[in-house]
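Enquirer:
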Amino acid sequence: MRADRLVAALLLLQGRGRLTASELAGELEISVATARRDLEALSAAGIPVYPQPGRGGGWSLVGGARTDLTGLTAAEARALFLLLGPATPAAPALTSALRKLVRALPATFRADAEAAARAVVSDPAGWGEAGREPPALVRTLQDAVVAGRKVRLTYARKGGEPAERLVDPLGLVDKDGLWYLVAGTGAGRRTYRVDRVTAAEPTELPAERPDGFDLAAEWERVVGEVERRRSLVTAVVLVAGRHAGVLRDHFGRHCEVLGHEPDGRARVRVAAPMALSIAEQLAGWGAQAEVVEPEEVRAELARIGAELVARYAPEARVRPEG
């Protein structure tokens, strides 16, 4: 689009100080005639751009004028390239955009930005796992969010039959390789796992986007609600101090060290959706973990233990002769 080219041309002028039409054409992969027309259009639009003829000439911003199109400080430029640089091998369009942005940055920022882009490699696949690709419909949903168009989804809840619904797409979130769509519906705001969306058909109907909607704030609310439901039952457990970290690996954010007993054991509070969930996590610890409270978790552990004894105790394996 021409507007994109004009912005790119202005950023390049800001970064380089002076450009010939031929150099601009090479950077933007357009003809020299088109580059010249774009530069003339900037000048006609009131941007202080002027040509200087002769050897060493070219197009410049009057008096070294600068714009706020990037608005980046050195620290911001470095942070941007640290974040986006690792993604570039799999995203040609992003590679191209970053390359153009580097060229548009002030010379004093350029070296740090390029170094930041080379400083980190992100490998989202676990050991022994294949690389995880975003669900096929992510791009379709992204386009619908940007275009502000309603989408007709076919969505299958866990264990349920696929159902069709018309939604207002508000944003997408990538959480540890799982993609979620935040959307408005007739029944209120909902969150959908994209890997359970079997079809997504953008419509020509304009999406309704609440005034002041903030995707990050909405996602924080969603996470808070999910984590609240995942921690409906709490239990206090005593384990050897050295094992507190292992318990934290099991329960994640739903694990808190409350203190230490005189015998050196750590007093830890853990949480899960149900008493059974906590008991199942702790059953493998045997006598190394002592549940102080609540009684319902202790009862579940006793039940699990009784089942294991009934199945695996030596006397249980003896079969009477028939």
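Each residue of the sequence shown is one higher than the one before, counting from 1 in full-length UniProt numbering.
The C-beta atom is built at its ideal place from N, Cα and C for all residues, glycine as well.
1. May I have the straight-line CA-CA distance separating A289 from A240, to the nearest angstrom?
2. If you follow the beta strand (DSSP E) that W285 is part of, which residue opens it and which one closes it?
3. Here's the rule: buried if 16 or more other CB atoms are within 10 angstroms of the residue's CB, otherwise exposed. What is L178?
4. Among residues of its own chain, excluding the 5 on either side of E256, which ones have a beta-carbon nearer than 6 Å to its beta-carbon?
5. Going along the chain, which residues of its own chain have a beta-carbon closer than 8 Å to the beta-carbon of K158, five neighbours each way excluded?
6. What are the boundary residues of the alpha helix (DSSP H) that W219 is part of?
7. Whole alpha helix (DSSP H) runs in the region 156–185 with 4 or more residues, listed along the chain?
8. State the beta-bridge partners of H260 as determined by DSSP.
9. Using a 10 Å radius around the Cβ and a threshold of 16 neighbouring Cβ atoms, would you call P169 buried or exposed?
10. Give a yes or no on whether the minimum CB-CB distance between Y50 and chain C is below 8 Å.
11. For A200, does the three-state DSSP call read helix, strand or coil?
12. When you compare each of P202, R221, E201 and A266 to R189 by their alpha carbons, which one comes out closest?
13. Just how far apart, CA to CA, sit L137 and A144?
14. Among H243, G184, V62 and R303, which has the Cα closest to the Cα of G17?
15. Count the other C-beta atoms from every protein chain shown that fall within 10 angstroms of the C-beta of V194, then say buried if there are 16 or more, exposed otherwise.
16. Taking its Cβ as the centre, do 16 or more other Cβ atoms sit within 10 Å of P89, making it buried, or is it exposed?
17. Pick out whichever of A216, V167, V226 and G184 has its Cα sitting closest to the Cα of E201.
18. Use the C-beta contact count for L58: other C-beta atoms within 10 angstroms, 16 or more gives buried, fewer gives exposed.
19. What are the start and end residues of the alpha helix (DSSP H) that includes T140?
20. Output the distance between the C-alpha atoms of L10 and A113, rounded to the nearest integer angstrom.
21. Would you tell me roughly how many angstroms separate the C-alpha atoms of F213 and G15, rounded to the nearest one?
22. To the nearest angstrom, report how far apart E23 and R152 are at their CA atoms.
23. Using a Cβ distance threshold of 8 Å, determine whether the region 248–267 contacts the region 304–314, with at least three qualifying pairs required.
24. Distance, Cα to Cα, A283 vs G305?
25. When you compare only the Cα positions, how much space is there between Y180 and P162?
26. Which value, in whole angstroms, describes the spacing of the CA atoms of L308 and V297?
27. Would DSSP call S60 helix, strand or coil?
28. Report the rounded CA-to-CA distance for A35 versus L141, giving the unit in angstroms.
29. What's the C-alpha gap between R165 and P135?
30. On the criterion of 16 or more Cβ atoms from any shown chain inside 10 Å, does V226 qualify as buried, or is it exposed?
31. Consult DSSP for R209 and reduce its assignment to one of helix, strand or coil.
32. What does a CB cutoff of less than 7 Å around V102 pick up in its chain, not counting 5 residues either side in sequence?
33. Under 8 Å between the Cβ atoms of A266 and A244?
34. Residues in the same chain with beta-carbon distance under 6 Å from V173, minus the five sequence neighbours each way, listed in chain order, please.
Expert: Walking through what the data contain:
1. Across the structure, A289 and A240 are spaced so that their CA atoms are roughly 8 Å apart.
2. From DSSP, W285 is part of no beta strand (DSSP E); its letter is neither H nor E.
3. It is exposed - the Cβ of L178 has fewer than 16 other Cβ atoms within 10 Å.
4. Only R269 meet the Cβ criterion.
5. The residues are R196.
6. Residue range L215 to R229 is occupied by the alpha helix (DSSP H) that includes W219.
7. Those alpha helix (DSSP H) runs which fall completely within the region 156–185 and span 4+ residues do not exist here.
8. Partner(s): A266.
9. Counting other Cβ atoms within 10 Å of its Cβ, P169 reaches 16 or more and is therefore classed as buried.
10. As a matter of chain content, chain C is missing from the structure shown, which is built from one protein chain.
11. Strand at A200.
12. Considering only alpha carbons, the answer is R221.
13. Distance between the alpha carbons of L137 and A144: 11 Å.
14. It is V62.
15. Buried, by the Cβ-count rule.
16. Its pLDDT being 49, under 50, P89 is placed unreliably by the model, and nothing is read from it.
17. For the residues A216, V167, V226 and G184, the minimum Cα distance to E201 belongs to V167.
18. This sequence places Gly at residue 58; Leu is not what is there. Burial call: buried.
19. Its alpha helix (DSSP H) spans residues V138 to A147.
20. Spanning the two alpha carbons is a distance of roughly 19 Å.
21. Looking at the two C-alpha atoms, the distance is approximately 34 Å.
22. Answer to the nearest angstrom: the Cα atoms are 46 Å apart.
23. Contact between the region 248–267 and the region 304–314 is absent, because fewer than three Cβ pairs lie under 8 Å.
24. When rounded, the distance between both Cα atoms is 8 Å.
25. Going by C-alpha positions, Y180 is about 17 Å away from P162.
26. L308 and V297: Cα-Cα distance of roughly 17 Å.
27. Note: S60 maps to strand in three-state DSSP.
28. Between A35 and L141, the C-alpha separation is close to 34 Å.
29. The straight-line gap from Cα to Cα measures roughly 19 Å.
30. A residue is called buried once 16 or more other Cβ atoms fall within 10 Å of its Cβ, and V226, having fewer, is exposed.
31. The answer is coil: DSSP assigns R209 none of H, G, I, E or B.
32. Counting only Cβ-Cβ distances below 7 Å, and skipping sequence neighbours, we find R110, A113 and E114.
33. For the 8 Å CB-CB criterion, A266 and A244 form a contact.
34. The beta carbon of V173 is closer than 6 Å to those of Y180 and W219 in its chain, skipping five residues each way along the sequence.
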